[in-house]
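J.: This note's numbering applies: residue 188 is where the sequence shown begins, and numbers increase by one. Glycine residues also receive a C-beta, built at the ideal position from the N, C-alpha and C atoms. None of the values given here were measured: they were computed from a predicted structure.
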Amino acid sequence: MANEAMQQNWAEGAAGWVANEAVFDALFAPVTAAILERSGPAVGHRVLDVGCGTGTLLEKCAAAGAEVVGVDIAEGMATAARKRVPEATVIVADAQTTDLLGEAPGVPFDRVVSRFGVMFFEDSTAAFANLRRAAAPGARLVFACWRSDEENPMFSLGSQILMDRLDPKPETPAPGAPGPMAFADKDRIDTLLDAAGWGSVRIEAFDFECDYGFNGTDGVEERLTTILGGGIGRLARDQLVPRIGIDGWESLVEEVRGELRRHLVDGALRFPGAVWLVTAANPV
Ligand SMILES: C[S@@+](CC[C@H](N)C(=O)[O-])C[C@H]1O[C@@H](n2cnc3c(N)ncnc32)[C@H](O)[C@@H]1O
C-alpha cells in the first residue's frame, strides 16, 4: 500500500493536531487567507481540500458558498473535520491513489486547495496527477507548503533538545522525502506539477510571522504542546519515559520550556514562517 508510513504517522499524530487546532489556525491565519485569496472559492464551485485535517479550509470555503469535499488519510482528522463542518463531505482516503470522484461522487472539482496537506506523498507526481483527474478543465490548484528548515527556525527550537536525547535517532530524511519539508526545493515542485499535467504553475515565496503569543500569553505553552504532540515529541516520550522515568521526562520538558523562554521576542514566541504558495491550472 502507498504512503503506509505516513498513514501511521498521521493516525498517531491526529489527536495532537486536533487538540491544537485553535493554535494552528491562529498561527497559520495569514497562510489560510493567502490560499483563499488565490483560490477565490464561491457559490457554484465544488472545492476539494487535500489533507484537510480538522477542516479549516473546508469551513472557509463553505462559508464562501462553495460545495466542499475534504480528503484525509487519518480517521481522527476526518472525524474532527466532519464535526466542525457538518455540510462537508469528508472522506478518509489516500489522495495519491484514491478515485476521488468515485468516493465523493459529483461534478469534477473547480478548486483543489491545501494548507500543508500535500507534502506527505511517496509519489508526488502520481498524487498530483490523481488530483488532476478529479479536477474540471480550467480548475485551479492552490496550496501552501513549507520552505527550508533554515528559513523556519520554529521546527527545531526546543525540539532539538528532545532529538539530542533520542537513541536510536530517527534517520535524517533525504531531501524531498515525504514530510513537512518535502517541497522545500521550488524547482522540484515545478517539475512534478508539470509531469502531473498541471499548467500555468506559479510559485511565490510567502513570508509571515508565526506568532505563538496570539492570545496575549508568551506562547511558550502553546509551542510546547505542539512540540509534544508532534512526531519528535511523541517518539521522545515513548523512548525516554521507560529510560529516565516520569520525573526525568518532566525535567527534560522543563529544559525545553526554558529554551523556548530564552527566545521570546517582545515578550512572546514569534518566528519567521517561510512557505511557498503554489498556484496552477488544469489545462482546458
Ligand atoms: C500538516 S497536516 C495539515 C492539516 C490541515 N490541512 C491544516 O492545515 O490544518 C497534514 C494533513 O495531511 C494529511 N495527509 C497526509 N498524507 C495524506 C495522503 N496521502 N492523503 C490524504 N491526506 C494525507 C494528514 O493526515 C494531515 O491531516
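Mapping DSSP to helix, strand and coil, what is Thr266?
T.: In the sequence shown, counting from the first residue as 1, residue 266 sits at position 79. Secondary structure at Thr266: helix, using DSSP grouped into helix, strand and coil.
J.: For Asn469, is the classification buried or exposed, using 16 other Cβ atoms within 10 angstroms of its Cβ as the cut-off for buried?
T.: As a first step, residue 469 is located in the sequence shown; it is residue number 282 there, counting from the start. Buried is the call here.
J.: Hey, would you say the C-beta of Gln195 is under 7 angstroms away from at least one heavy atom of ligand 1?
T.: Locating residue 195 in the sequence shown gives position 8, where the first residue counts as 1. For ligand 1, not one heavy atom lies less than 7 angstroms from the Cβ of Gln195.
J.: Please report how far the alpha carbon of Leu214 lies from the alpha carbon of Pro340, in whole angstroms.
T.: Here residue 214 refers to the residue found at position 27 of the sequence shown. Here residue 340 refers to the residue found at position 153 of the sequence shown. Here the alpha carbon of Leu214 sits roughly 14 angstroms from the alpha carbon of Pro340.
J.: Just to confirm the assignment, what range does the beta strand (DSSP E) spanning Asp236 have?
T.: Start at 1 with the first residue of the sequence shown, and residue 236 comes out as number 49. Unbroken beta strand (DSSP E) run through Asp236: Arg233 to Val237.
J.: Kindly list the residues whose CB is nearer than 7 angstroms to the CB of Thr284, restricted to its own chain and excluding five residues on each side of it in sequence; keep chain order.
T.: In the sequence shown, residue 284 corresponds to position 97, counting from 1. These residues qualify, in order along the chain: Ala189 and Asn317.
J.: My output table needs one value for Arg457: the three-state DSSP class, helix, strand or coil.
T.: To locate residue 457, count along the sequence shown from 1; it is residue 270. Strand, per DSSP.
J.: From the DSSP output, in three-state form, read off Gly445 for me.
T.: For the purposes of this step, residue 445 is identified with residue 258 of the sequence shown, where counting begins at 1. Helix at Gly445.
J.: Check whether the Cβ of Asp381 sits closer than 7 angstroms to any heavy atom of ligand 1, and report yes or no.
T.: The residue given as residue 381 occupies position 194 in the sequence shown. No; taking the cut-off as 7 angstroms, the Cβ of Asp381 has no heavy atom of ligand 1 nearer than that.
J.: Any heavy atom of ligand 1 inside 7 angstroms of the beta-carbon of Trp204?
T.: Looking up residue 204 in the sequence shown gives position 17. Yes, the beta carbon of Trp204 sits closer than 7 angstroms to at least one heavy atom of ligand 1.
J.: Just to confirm before moving on: does the CB-CB distance between Gly416 and Ala267 stay below 8 angstroms?
T.: Counted from its first residue, the sequence shown places residue 416 at position 229. Counted from its first residue, the sequence shown places residue 267 at position 80. For the pair Gly416 and Ala267, the CB atoms are not nearer than the 8 angstroms cut-off.
J.: Spell out a yes or no on whether the region 442-461 and the region 392-399 are touching, meaning 3 or more CB-CB pairs, one atom from each, closer than 8 angstroms.
T.: yes
J.: Ala291 to Ala280, Cα distance in whole Å?
T.: In the sequence shown, residue 291 corresponds to position 104, counting from 1. In the sequence shown, residue 280 corresponds to position 93, counting from 1. Computed Cα separation, rounded: 11 angstroms.
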